[in-house]
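Residue numbering for the sequence shown is 641 to 1072, as defined by the working numbering.
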Amino acid sequence: EHHAKAPLLRGRRSSSEDAHSILTAMLSNEPLVVSNVADAWRARTEWLAADGALDRAAMAAAFPASSSKDLSTGNLHGGGEDGVAPKPTTIAEFLATWPREEPRYFKDWHLRRDGGGAFYATPRGFEPDWLGAWLGALGEDDFDFCYVGRAGTRTPPHVDVLATYSWSVNVCGRKRWWLRRASPETDDTFDDDDDASDADTLFDAAEDPSRVVIIDQGPGDAIFVPSGWPHRVLNLEDCVSINRNWFNAATADRVVAYLLRRRRDVLAELDDCKADVLLRRAQDDGPSSDDDSDAGGPAEWRWTCERVLQANSRLNLSNFVALVAFNAVDDRPRPLIPGTSADQDRDLRARLVALLDHVRAVAEDALFLVDVDIDTHPAVVLDEAPPHRTTRPLRLLRFPTDDEPASWSREARRRALDALAAARAAIASPGA
């Protein structure tokens, strides 16, 4: 195997009871392995045989009607997706056809969506999850995934979606991870699931020992993957893992930096359409120099770019403001991240206030939000979500996706700027 010459590093390791080490890894954006986090998970007590291997029949019986997911094939040398088009299947179908001669990988399965939330829980210390709490309140899609792969299958080089943190827990089997320290050079080399032709060099610890970390992850271990770190993963044995992408105040600046890069891409790609949108509005509504007109024009164009950013990245700047407002408003002086010191919390708050100011400076006229009736909305309650942090009336907002003037109206923009201002004030003066 290409990387056999590289020194095998265990990386920083911690026990499941050492919350301080997890917090330190989060704040310093460094990888960490946490042992024995899943002993009480139903996934480990109900899906495994006595020898610790996957009991395929038991797992398949738990999800007889799961939704269709992508399946890719691969082998030890070829990579998990090389030259093979994914095809839809279900977990039960995949487990029923388990040929040794063709290692295959069942990927990106939304386990919670298929009723699997009771089989696992957030490992202690990997919180708060601002993204998951906001999406759960909306009753919308989650960022929890399950991977089931034969020995020799792999995940190609990538940076996790939205520059989020991720945690990944092995229900069974062993994995090897190659992680490369985040840098401006790799921020745009890898995004989401893009391959790179020079991946072997980037992940060769012998070539660049100060930047590359290699970790073996065993059964029941959790690995904390820092924000923005490119990584690749090889299943050394047949593996089942459960993962989550998440973020909070500690990495919000990296998430916004990612969104701003993708926003620049969207603006460039749609530039040819801008004149058509403005011309259509002028023909429908007559010429107007009012940039704030509810009729559309420039406002509709900016809303369109936000909608495309949301579709491409699963988050946009408007919804970033909404989720910060949902999570960070608190009328009691508590830290943004439990366990941080007073100095650390002040630093996080200062960074978040500066970040909100930057979002407003860059996109003040491109933020649109509408209220969601939290009393009647069918929310999904996540097992790790604590009671909301404020006793004030809770305001849940989201980006308006309806293709109608109300979505890009002055009222939608006013709500977004009001939410940003309220979040900024609450973060800057906790408990006020």
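Cβ atoms here follow ideal geometry from the backbone N, Cα and C, with glycine treated the same way. Owing to the predicted nature of the structure, the values given are computational and were not obtained by experimental measurement.
Every beta strand (DSSP E) stretch that sits fully inside the region 753 to 830 and reaches 3 residues is listed by chain position as 784 to 789, 794 to 798, 805 to 812, 815 to 820. For Pro866, no alpha helix (DSSP H) segment is defined, and its DSSP state is neither H nor E.
Scanning its chain for C-beta atoms nearer than 6 Å, with the 5 sequence neighbours on each side dropped, one finds around Trp774 the residues Leu963, Phe966, in chain order. Under the three-state reduction of DSSP output, Ile662 falls in the helix class. Here His660 is exposed. Its C-beta has fewer than 16 other C-beta atoms within 10 Å. Rounded to whole angstroms, the Cβ separation of Asp800 and Val906 is 20 Å, and the two are not in contact under 8 Å. When Cβ pairs closer than 8 Å are counted between the two stretches, the region 747 to 754 is seen not to touch the region 851 to 865, the count staying below three. Between the beta-carbon of Asn875 and that of Gly792 there is about 7 Å, and that keeps the pair under the 8 Å contact cut. It is roughly 6 Å from the alpha-carbon of Ala665 to the alpha-carbon of Pro671. Contact annotation: Ser1049 and Leu1007 have beta-carbon atoms that are not nearer than 7 Å. Excluding sequence positions up to five before and after Ala939, its CB lies within less than 6 Å of the CB of Trp1048, all in the same chain and listed in chain order.
In this structure, Ile882 places its C-beta atom within 7 Å of the C-beta atom of Cys786.
Between Val788 and Phe746, the gap from beta carbon to beta carbon is short of 7 Å. With fewer than 16 other CB atoms across the displayed protein chains lying within 10 angstroms of its CB, Pro973 is exposed.
Under the three-state reduction of DSSP, Asp970 is assigned to coil, being neither helix nor strand. Cβ contact annotation for Ser953 (same chain, cutoff 6 Å, sequence separation greater than five): Arg902, in chain order. Non-local beta-carbon contacts of Arg894 in its own chain, meaning distances under 6 Å to residues more than five positions away in sequence, involve Ala803, Ser867, Gly868 in chain order. Under the three-state reduction of DSSP output, Pro1045 falls in the helix class. Within the region 874 to 917, the complete alpha helix (DSSP H) runs of at least 4 residues fall at 892 to 909.
Going by beta carbons, Arg816 and Arg851 fall outside the 7 Å limit. No Cβ-Cβ contact shorter than 7 Å links Ala700 with Ala678.
Linking Glu1044 to Ala1001 through their CA atoms gives a straight-line distance of about 26 Å. In the DSSP annotation of this structure, the continuous segment of the beta strand (DSSP E) that includes Ile855 starts and ends at 852 to 857. The three-state reading of DSSP puts Pro728 in strand, counting E and B together. Apart from sequence neighbours up to five positions away, the residues of its chain that approach Gln857 with a beta-carbon distance below 6 Å are Asn810, Lys815, Ile863, ordered along the chain. In the three-state reduction of the DSSP assignment, Arg1035 falls in the coil class.
The beta carbons of Leu955 and His871 sit no closer together than 7 Å. By the neighbour-count definition (other C-beta atoms within 10 Å, threshold 16), Cys913 is an exposed residue.
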